[in-house]
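Okay, so here's the structure we're looking at.
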Amino acid sequence: MKSKAGLLVSTFFMLLVSCQALTSEVTIVKTRPNEMKVYSSKLIETESLSVEYLSSSEDLPYTSFHSFVEFYSSLQKDNDKLPTYEVFNNRLTNKDNNTYLEVNPTLESLTFSDFEEFATFKNDVSIFYPTYDTNHKDDKEDMRYTCYSHICTSDEDRSITVSLKDYHIHTFKKNNEIYLPVSFYLDFILYPLDEVYVVGKENIFELDYSSWYNEMGNSYSSEFWKYYRNEFHDISASRLAYSENETRLAISLAYGQNKPADSLKKANSIAEAEDNLATYIYQDINELHSSYLSPSPYMVSSYQGFYHLRMKTEAFLNEKQRLSPIFNEYRDLYSSLSSLREKEKKAFEIKNNTAYITFNDFVGARKDYYDEDYVIDETNYTYDTISLMSYSYHQIKNNKNIDNIVFDVSLNTGGEIAAMVYAVGLFASSTNFYSMNSLNEATYHFSLHSDANFDGKMDEPILDKNIYVLSSGISFSCGNSFISLMKESAKATIVGQNSAGGASSIRYMLSPLGSQYRISSNEVMCDSSFQNLEKGIAPDISLNLSSLYEHDIFLSK
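Take a look at the structure:
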C-alpha cells in the first residue's frame, strides 16, 4: 500500500496535525499529545518523553526523532561511553562513528548505514575489547592486557534497507518530524547500549533484572508489585501484533545465520506470545548460542506476582529447551566426556616434558591486572583465564625441560573473546583474527599481541614448543575460535574430534514486551581465507571418545 497524506480528515484537522502516515489502515493521528514518565529501576521518576498515538492503536506510543534524542541526552549525562545522536531531516545519526538510521521518503522502508555499528559505545571497535592506549603507558586506568590494531579489509557498502511495510510497522510524519514507535528506539538503540527500558500502560520503566528478581520472593504489597500490576497487564490486539512484527524484523536483521523469522507464530495473548518466542528459539532456530533468557514484565500479572513468575519461568525454560535437538545432544555429550576426563583435573600441571593447560571456559576482563598488589598464583588462576595463561606462560618460559604444551579445551563451552585472544597471543606469532559480517559481507582483520607481565609492554610469545589442542564436539563458540586461531597462528596440532562450531558472536535482544533473549549475531569468526568457522574445525589427529584423554597416543607421534 502507498503512503497517503491526511486521509478522510477535515481541512481543519489537516492544518492542525499536518500528518502523513504509512498504509491506508492508519488514517489520523490523535490530537492528544502526551508525556510518558520514565522511571528508573528503583522506581524513581527521572525524565519524561513526549509521545503521540495513532487512532488504530491507542496503547502503542510513538515519538519523534527529536523527542527521542532529547530524552536520550539525559542518559548521556550519567554515562560518557554512550554515543551522541543528532537529527537531520529523516535521518538519525550516530555522530561518533557517522552511522545512521534513515526513514525513506515514502515512509515504507528504513535504511541502516551499518546495522551492527549504529548502536555501539564510543570508541568501541566492532566486537572486540578492551583496547590498549599506547599514549598512556604510565596510566594504569588506560593500560590493558591485549593490544589490538583494527583494519577493515574491504570497502563493501554495509547499508541495509528493510521494508517497514512488509513487517506491518507503521510510521508517520507530523510537522516534518518522523515518528516511530517508542519500543523501536528502546529495542534497536538503547538495549544494545545496555540501557534496558520497556513501555508500560502509561509510563516507561528501566528494567534491572537483578533488582527485579530480588523482588520475586516478596509479597504482592511490595512497591514493585504495585507498579507492575498497574502498568503491565492486558494490551490491545494491535499492540500485541506490533510486538510480534518488530520481533520478526529484529531477528531477520540480527540473526547471523540469515534464517527468516516467518515461522514465529502469531499470538492471541501475551502468554501465548512468550510461548511462541521461546518455542521459535529452541525449536526453529535450534542452535547453541540462541536462548530465551527472561520473561516479559507483562507476565508478572499473569502469574500473580514475582515469586510464581520465577517458579513458572524455571519450569517453562526446562520444557522449551527440551524442544531443541542440538541442546539435548550437547548436554548428553558433555555428560559423557565429563565422566571420561580425570576428576579434579588441575588447570596447570607439568608431567615429564609436557605442560597441560586445562580450562572449560574463557573468563577474565574484570580484574585490575595492573594493580601492584595483584599476584597470580594457584588461588586465583583456576577460574580466571587471563591469570591462568599469564601463570602458564611464565612457568613454561622458565622451564627448559618442557617440549610440549597441551591445551585441553575439550569441555570448553566458550566465554569472553578478550580472554580467548589473550591466550592465543602468548603462544602464537603474527596472530591475526578475522571476521565477516554475514548481513553485508564486510570483512575485518584484527592483529593482536598480549602482555604477559602486565607492565604495559607486549611480550614475545612462546614459539619453541610443540603445541597440541584437544578438541571435541563440546568445544564451542570461543572454544571453537581458539582452536582455529591456534591452528593457524601457533601451528598447533588439533587432536580429538571436530569442534562444535558456534563462530558467531552473541547479540542480546529485547522484545517490545520486555522479553530478553539472545541469538547468534551477524559477526562471524573466519579463518585467514574468510571461510566461516560455524561448522567447527576438523582435527589433524582423530581420536574416538574412549581414547580422547590418552595423551600418549598423540604425544608419541
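Going by numbering that gives the first Met the number 0, 208 is the number at position 209 of the sequence shown; the sequence numbering is gapless.
Virtual Cβ for every residue (Gly too), placed ideally from N, Cα, C.
All of these numbers come straight from a predicted model, not from anything done at the bench.
DSSP three-state assignment for residue i, whether helix, strand or coil
i           : result
residue 312 : helix
residue 395 : helix
residue 118 : coil
residue 424 : helix
residue 250 : helix
residue 545 : helix
residue 172 : strand
residue 538 : coil
residue 46  : strand
residue 452 : coil
residue 267 : coil
residue 400 : coil
residue 344 : coil
residue 297 : coil
residue 129 : Residue confidence is low: residue 129 scores 36 on pLDDT, short of 50, so the model does not pin down where it sits. No coordinate-derived value is stated.
residue 231 : coil
residue 165 : coil
residue 532 : coil
residue 260 : coil
residue 274 : helix
residue 142 : Because residue 142 carries a pLDDT of 33, less than 50, the predicted location of this residue cannot be relied on, and the following value inherits that uncertainty. Coil, per DSSP.
residue 238 : helix
residue 226 : helix
residue 190 : helix
Extent of the continuous alpha helix (DSSP H) to which residue i belongs
i           : result
residue 183 : 181 to 184
residue 329 : 324 to 339
residue 552 : 551 to 554
Bridge-paired residues (DSSP) for residue i
i           : result
residue 204 : 38 and 197
residue 388 : Bridge partners of residue 388: none, in fact.
residue 408 : In the DSSP output, where bridge partners are listed per residue, residue 408 has none listed.
residue 160 : 110
residue 291 : 516
residue 434 : 443 and 524
residue 414 : 361
residue 178 : 63 and 171
residue 33  : 50
Bounding residues of the beta strand (DSSP E) (the contiguous stretch that carries residue i)
i           : result
residue 442 : 442 to 449
residue 354 : 353 to 357
residue 284 : No beta strand (DSSP E) holds residue 284; DSSP gives it neither H nor E.
residue 100 : 98 to 102
residue 349 : 347 to 350
Spatially closest choice to residue i from the options, by CA coordinates
i           : options               : result
residue 230 : 547, 383, 42 and 509  : 42
residue 538 : 522, 331, 500 and 414 : 500
residue 417 : 454, 542, 182 and 478 : 478
residue 384 : 503, 357 and 459      : 357
residue 55  : 108, 195 and 241      : 241
residue 363 : 414, 235 and 160      : 414
residue 65  : 446, 454, 277 and 177 : 177
residue 339 : 456, 392 and 543      : 543
residue 283 : 264, 294 and 298      : 264
residue 173 : 275, 438, 52 and 346  : 52
residue 467 : 409, 457 and 404      : 404
residue 269 : 252, 233 and 463      : 233
residue 317 : 360, 267 and 278      : 278
residue 167 : 205, 238 and 80       : 238
residue 312 : 326, 294 and 40       : 294
residue 528 : 245, 444 and 322      : 444
residue 412 : 359, 497, 549 and 245 : 359
residue 97  : 108, 80 and 119       : 119
residue 170 : 298, 60 and 194       : 60
residue 260 : 272, 246 and 271      : 246
residue 112 : 101, 35, 105 and 106  : 101
residue 344 : 355, 334 and 335      : 355
residue 184 : 77, 402 and 50        : 50
residue 106 : 76, 179 and 37        : 179
Cβ of residue i within 8 Å of any chain B Cβ
i           : result
residue 268 : Structure shown: chain B not included; a single protein chain is present.
(request) Could you pull out every unbroken alpha helix (DSSP H) segment of at least 4 residues lying fully inside the segment 48 to 96, listed in chain order? (result) 64 to 75
(request) Any chance you could list the beta strand (DSSP E) runs of at least 3 consecutive residues sitting entirely within the segment 458 to 530, in chain order? (result) 465 to 470, 492 to 495, 503 to 509 and 515 to 525
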